[in-house]
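Residue numbers (this note's numbering): 52 to 396. Notes to accompany the following structure.
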Amino acid sequence: PVAAPVQWTLAFLGLCSGLSRWRHAGAPAGADQAVARLVLPSLAAGLLLAMLLREGMGTQLLTALTQVPLWAWPLAVAGLWGSYGLRAERLRREWGTWGRNHRPEARMPSLSDSVDLFLTHNAALLLLPMRAGEAGYPWLLHRRFGIPVTESVRSLVWLRLQDALVLALLGLLGLAPGPAWLRLAGVAVLVLVLWGLLPRLSRQLGQWWPRWQALQGTLVAHRGDLIGWGLCVGNWLLKLAVLGGVLALLAGLPVWQGWSGAVAGELAAALPIQAPAGLGSYEAAIWAAGQWVGATVPPAALAGAALAVHTLSLVTALLTPLIYRALLWVQSRRAPAAGPSSAGP
52 PVAAPVQWTL AFLGLCSGLS RWRHAGAPAG ADQAVARLVL PSLAAGLLLA MLLREGMGTQ
112 LLTALTQVPL WAWPLAVAGL WGSYGLRAER LRREWGTWGR NHRPEARMPS LSDSVDLFLT
172 HNAALLLLPM RAGEAGYPWL LHRRFGIPVT ESVRSLVWLR LQDALVLALL GLLGLAPGPA
232 WLRLAGVAVL VLVLWGLLPR LSRQLGQWWP RWQALQGTLV AHRGDLIGWG LCVGNWLLKL
292 AVLGGVLALL AGLPVWQGWS GAVAGELAAA LPIQAPAGLG SYEAAIWAAG QWVGATVPPA
352 ALAGAALAVH TLSLVTALLT PLIYRALLWV QSRRAPAAGP SSAGP
């Protein structure tokens with residue numbers, strides 16, 4: 052059953068290669084490789100989806116969708132919006148603290164600005180391949196608030212490191228072998244060890260390598276507050292609870308297996324080289340996680356449910372910026388024009 056998708060994909064690859072050589076015969080060396088880095092992830096994602104969804108996915112998915120109660124969909128969207136709010140507050144605190152330390156007289160992003168910044172940046176990440184949308188974060192901050200690109204790049208690196216650490220710990224909690232209580236205890240011990248050990252290792256590394264001390268002073272400065280970590284953990288817990296719950300409803304999985312699958316999908320979405328929006332790799336990761344945790348549903352049903360969850364996440368992420376901008380526009384139209392105040396007698 053896989054032969055047809057593979058043959059069509061290989062034929063399409065050959066056609067694209069031939070057209071590329073014909074149209075760009077005089078192109079400089081390396082041009083084909085640059086195009087391939089953009090095109091091949093999308094083609095590989097399409098092949099992955101064709102292989103995962105080849106056995107009657109449509110009928111199974113429609114049946115599963117009819118079994119999900121209607122109230123679950125607006126509740127899921129509200130949960131995703133809540134995770135967006137936590138990330139926006141995280142950005143507001145990030146730049147509010149930096150502004151008080153470096154530019155106390157300048158205007159820093161408010162919560163409304165931070166919501167708009169996050170939604171725009173998140174949409175760019177989904178639409179552009181190979182995480183090229185990351186460049187939108189420093190560009191928007193510099194364009195709107197005059198923040199130096201070097202500072203915004205440091206902020207982006209820190210936020211991604213924070214996300215990676217939290218998501219890795221949640222991945223151990225959801226995907227490590229062993230009973231649930233043992234995984235929870237292991238992650239708790241690991242958090243305590245990292246909390247006590249990392250600062251000491253960092254200080255020791257700074258004594259051995261002066262450049263690390265300088266990097267620590269710029270990257271970690273003003274970013275060690277517990278509230279920022281709490282916002283990061285809360286965002287991931289809420290997002291994974293929503294996506295894992297919907298996945299469990301669609302595929303007929305136990306809740307913890309749905310949550311584990313959602314963790315695997317988000318881990319795959321962090322890969323540096325992939326198709327736009329992680330299409331293909333996200334579904335493949337959830338399918339593989341289902342096999343790992345012993346899900347008893349048919350592979351096609353699990354892959355179809357993963358595609359539906361991914362679609363929910365993508366549609367919400369892409370429509371929310373438009374809805375938010377429309378609300379801001381309506382609010383600005385309704386606000387009374389500020390005119391000169393009349394002087395009293």
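For every residue, glycine included, the Cβ atom is placed at its ideal position computed from N, Cα and C.
(1) Smallest Cα separation from G279: which of L353, R144 and Y135?
(2) For G341, tell me which candidate among W310, L294, A328 and G136 has the shortest Cα-Cα distance.
(3) Taking 8 Å as the cut-off, does the segment 184 to 199 touch the segment 279 to 292 (at least 3 CB pairs, one atom from each stretch)?
(4) In the DSSP assignment, the alpha helix (DSSP H) including P189 goes from what residue to what residue?
(5) Just verifying my parser: in three-state terms, what is the DSSP assignment at S163?
(6) For a quick check, are the C-beta atoms of L256 and L304 less than 9 Å apart?
(7) Count the C-beta pairs between the segment 134 to 148 and the segment 164 to 184 that are closer than 8 Å, then say yes if the count reaches three, no if not.
(8) Between the C-alpha atoms of A302 and G316, what's the straight-line distance to the nearest angstrom?
(9) Taking A231 and L298 to be in contact with their CB atoms under 8 Å, please state how far apart those CB atoms are, rounded to whole angstroms.
(10) Nearest by alpha-carbon distance to I198: which of V306, L223, A157 and G222 is it?
(11) Under 9 Å between the Cβ atoms of V200 and L220?
(12) At the level of alpha carbons, what is the spacing between H153 and L216?
(13) Ends of the alpha helix (DSSP H) at T347?
(14) What do you reckon, are the CB atoms on L224 and V314 nearer than 9 Å?
(15) In its own chain, which residues sit with a C-beta less than 7 Å from the C-beta of P160, not counting the 5 before and 5 after it?
(16) Going by DSSP, what residue range makes up the alpha helix (DSSP H) through A313?
(17) Does DSSP classify A236 as helix, strand or coil?
(18) Using C-beta distances below 6 Å, list every residue in its chain close to N173, excluding the 5 sequence neighbours before and after it, in chain order.
(19) Which residues bound the alpha helix (DSSP H) around L179?
(20) Under a Cβ-count criterion, where at least 16 other Cβ atoms within 10 Å of its own Cβ denotes burial, should R376 be classed as buried or exposed?
(21) Beta-carbon separation of S206 and L218 under 9 Å?
(22) What residue from T371, L210, L330 and G329 has the CA that sits closest to V128's CA?
(23) Please classify L374 as buried or exposed, where buried requires at least 16 other C-beta atoms within 10 Å of its C-beta.
(24) CB of A313 to nearest heavy atom of the ligand FMN: below 8 Å?
(25) Could you pull the start and end residues of the alpha helix (DSSP H) that G331 belongs to?
(26) Within 10 angstroms of its Cβ, does Q258 collect 16 or more other Cβ (buried), or is it exposed?
(27) Report yes if the CB atom of L400 is closer than 9 Å to the CB atom of S364, and no otherwise.
(28) By the 10 Å Cβ neighbour count, where 16 or more other Cβ atoms means buried, how is A328 classified, buried or exposed?
Here's the rundown:
(1) R144
(2) W310
(3) no
(4) Segment G187 to F196, the alpha helix (DSSP H) holding P189.
(5) helix
(6) Not a contact, by the Cβ cut-off of 9 Å.
(7) yes
(8) 15 Å
(9) No, A231 and L298 are not in contact; Cβ-Cβ is about 18 Å, not under 8 Å.
(10) A157
(11) Not in contact: V200 and L220 (Cβ atoms no closer than 9 Å).
(12) 28 Å
(13) Per DSSP, T347 belongs to no alpha helix (DSSP H) and is neither H nor E.
(14) yes
(15) L142, R143, W146, L168 and F196
(16) Note, A313: alpha helix (DSSP H), V306 to A320.
(17) helix
(18) A368
(19) No alpha helix (DSSP H) holds L179; DSSP gives it neither H nor E.
(20) exposed
(21) no
(22) Relative to V128, the option among T371, L210, L330 and G329 whose CA is nearest is T371.
(23) As written in the sequence, residue 374 is Ile, which differs from the Leu given in the question. Classification for I374: exposed.
(24) What this structure holds is no ligand at all, so the ligand FMN is not there to describe.
(25) Unbroken run through G331: none, as it is neither H nor E.
(26) That one is exposed.
(27) Since the displayed the chain opens at 52 and closes at 396, residue 400 lies outside it and no answer follows.
(28) So A328 ends up on the buried side.
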